[in-house]
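*Asks:* In my numbering, the protein residues as written are 172 to 288.
Positions of the beta carbon are idealized from the N, C-alpha and C atoms, including for glycine.
Here the structure is a predicted model, which means the values were calculated and not measured.
Here it is: the structure, laid out below.
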Amino acid sequence: MSSGTPREKAELIQYIGVSALSPEEQDTVNTIATEHYEKIKRGVHNDTSLVVHVKTHNAEGNRKKYSMHVRVITPTKQQFDSSNADDWELPRALHKAFEDVQNQIRHKLHTDTTRPR
172 MSSGTPREKA ELIQYIGVSA LSPEEQDTVN TIATEHYEKI KRGVHNDTSL
222 VVHVKTHNAE GNRKKYSMHV RVITPTKQQF DSSNADDWEL PRALHKAFED
272 VQNQIRHKLH TDTTRPR
């Protein structure tokens with residue numbers, strides 16, 4: 172057993188492209204990602220690492236379009252990738268990407284307990 176400090180959630184969630192966002196948007200991404208990380212961790216039944224990739228399109232125009240890509244990597248080397256979820260609103264795009272990953276986890280690992288076996 173090692174006597175080191177326990178790993179923090181910040182090390183398990185990696186953000187790509189967040190530096191191009193405003194501080195408020197960065198806080199929104201961090202809040203939603205940590206909220207969904209707990210749900211994904213429960214669905215996989217293990218510690219996972221999470222990669223959140225954020226892209227913005229049309230940044231110079233009136234509105235920005237956000238494109239999200241979420242990747243979940245489990246210790247058993249299984250990977251779950253979200254399809255590129257995009258929207259004009261940052262929270263909605265993030266929720267779409269995380270819901271896609273959670274649906275893939277439910278489908279692949281059969282964690283849905285609402286139906287009898």
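So is T202 buried or exposed if we call it buried at 16+ other beta carbons inside 10 Å?
*Replies:* Burial call: exposed.
*Asks:* Looking only at C-alpha atoms, which of N255, A230, T199 sits nearest to R242?
*Replies:* Considering only alpha carbons, the answer is N255.
*Asks:* Could you check the C-alpha separation between G188 and H281 for me, to the nearest Å?
*Replies:* So the two alpha carbons sit approximately 32 Å from each other.
*Asks:* Does the pairing of the region 227-240 with the region 253-270 give three or more beta-carbon distances under 8 Å?
*Replies:* The region 227-240, when compared against the region 253-270, does touch it at the 8 Å Cβ threshold.
*Asks:* Counting C-beta neighbours from all protein chains within 10 Å, is the total for S193 16 or more, i.e. buried, or is it exposed?
*Replies:* Exposed, by the Cβ-count rule.
*Asks:* Do T227 and K235 count as a contact pair if the criterion is CB distance below 8 Å?
*Replies:* Result yes, Cβ atoms of K235 and T227 sit closer than 8 Å.
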